[in-house]
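Chains as they are written, first to last, in the working numbering: chain X, 1343 to 1463; chain E, 120 to 319. By construction, the Cβ of each residue, glycine as well, lies at the ideal position given by its N, Cα and C atoms. Okay, so here's the structure we're looking at.
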Amino acid sequence: MTMRNEADDGLEGLFAEARTLRAQPSEALMARVLADALAEQPRPAAPVVAPPAMRAGLWSRAVSLFGGAGALAGMGTAALAGLLIGYVQPAGLVLLGDAVLGAPLETVELIPSVETLFAGE
Amino acid sequence: MPRDMQAEDVDSATDEALLARYAAGDPAAARALTLRLVPRAQGYAARLLGDGAEAEDIVQEAMLRLWRAAPGWRSGEAQVATWLYRVVTNLCTDRIRARRRRPTAALDEAPEVADGAGGAEAGLIEADRMAALQAALDALPERQRQAVVLRHIEGFGNPEIAEVMDIGVEAVESLTARGKRALAAILAGRRGELGYDDAE
């Protein structure tokens, strides 16, 4: 037992001494490891840059000119309705024209003739 | 761009935190990990191989694997130091096996303890205490040497050693105990030279 304990004590002493004697790596090894580290290191992610805004096209400029897509859609609908009414000439509309004008209206002169303009002279 | 670590951050950061900073591109973390891990790995590899130059090659390779593992490192899965020691252990094992395959290594095929015991005695003529310890460690079977060095010199606990060596805790206890007994036997006749009493 005594021999075993002394042997253990001796070994423990050697182990303790070995623990205090840390290896000192050569400067060359440290440099090689660090060079590897920097060579292998992932590059930091580049800051996210928003893609440049698309140049406003002709359509989008026209839309903004009329006050937005909603307003433009309303104008388009009104124009289409006017065209349709003029082409179809619904019966109710003809009766309304007769009542207001007192006679059937076949044609409308939107631009008076030049003779009419000078008739009073 | 990650913020580079300040000196106090580096000192207090865990290995895992430093590795995460390294993976994020912080060069200060690379330096800190190198300064922290390389001396330990170098000492361990030199103990296993008994050769400082070969140990340097092993450490550089093990650290290279660590750098490459950093981006995919999963937090909490393994301790960085334990992982590194495991890699060093495996690389040393490969290196020792390669030595044995060399033509000049025929003598190493004899039982290691018997050969090493003679080597240890011869080495004691001019060796200091640490050289004697190294010679005795060299004489141990490889797995016993790993277990003894990890337990008694590197200061790991048995569960960590089990992880490094990829074996169970009971096997670690057995290897450590047998390794220590074998060391004591190898050094038995040299207690006086080693500085402890053999006059019982």
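Q | E/V283, enclosing alpha helix (DSSP H) - first and last residue | A | Note, E/V283: alpha helix (DSSP H), 277–284.
Q. So what does DSSP say about X/G1424, is it helix, strand or coil?
A. helix
Q: In angstroms with no decimal places, state the Cα-to-Cα distance between X/A1377 and E/R166.
A: In a straight line, the C-alpha of X/A1377 is about 25 Å away from that of E/R166.
Q) DSSP state of E/P230, grouped into three classes? A) Annotation note: pLDDT 37 at E/P230 (below 50); position unreliable, coordinate value reported separately. Coil at E/P230, not helix or strand.
Q. Within 10 angstroms of its Cβ, does E/A318 collect 16 or more other Cβ (buried), or is it exposed?
A. Any reading at E/A318 needs caution, since the residue's pLDDT is 42, under 50, leaving its predicted position unreliable; the model's value is listed next. It is exposed - the Cβ of E/A318 has fewer than 16 other Cβ atoms within 10 Å.
Q.
Determine, for E/E96, whether the minimum Cβ-Cβ distance to residues of chain X falls below 8 Å.
A. Chain E is shown from 120 up to 319; residue 96 of chain E falls before or after that span and cannot be answered.
Q. In this structure, does DSSP put E/T201 in helix, strand or coil?
A. helix
Q. If you measure from the beta carbon of X/A1360 to each beta carbon in chain E, is any gap under 8 Å?
A. yes
Q. Are the CB atoms of E/A301 and E/Q263 nearer to each other than 8 Å?
A. For the pair E/A301 and E/Q263, the CB atoms are nearer than the 8 Å cut-off.
Q: Specify the secondary structure class of E/R150 as computed by DSSP and reduced to three states.
A: helix
Q: Answer with buried or exposed for E/I177, where buried requires no fewer than 16 other C-beta atoms within 10 angstroms of its C-beta.
A: buried
Q. On the premise that E/W192 lies in contact with E/A104, defined as a C-beta separation below 8 Å, what is that separation, rounded to the nearest angstrom?
A. In the structure as shown, chain E starts at 120 and stops at 319, and residue 104 of chain E therefore has no counterpart that could be examined.
Q: Determine the chain X residues that contact E/L67 at a beta-carbon separation under 9 Å, and present them in chain order.
A: Residue 67 of chain E is absent from the structure shown; chain E starts at 120 and stops at 319.
Q: Show which residues of chain E have a CB atom less than 7 Å away from the CB atom of X/L1491.
A: Residue 1491 of chain X falls outside the range modelled here, since chain X spans only 1343 to 1463, and no answer is possible.
Q: Could you check if E/P230 is buried or exposed, using at least 16 other CB atoms within 10 Å of its CB as the buried criterion?
A: With a pLDDT of 37 at E/P230, under the threshold of 50, the predicted position of this residue should be treated as unreliable, though the coordinate-derived value follows. Looking at its Cβ environment, which holds fewer than 16 other Cβ atoms inside 10 Å, E/P230 is exposed.
Q.
Please return the same chain residues whose Cβ sits closer than 7 Å to the Cβ of X/E1369, not counting the five positions on each side in sequence.
A. Within the same chain, X/E1369 has no close Cβ partners at all.
Q: Kindly indicate if chain X contains any beta-carbon less than 8 Å away from that of E/P260.
A: no
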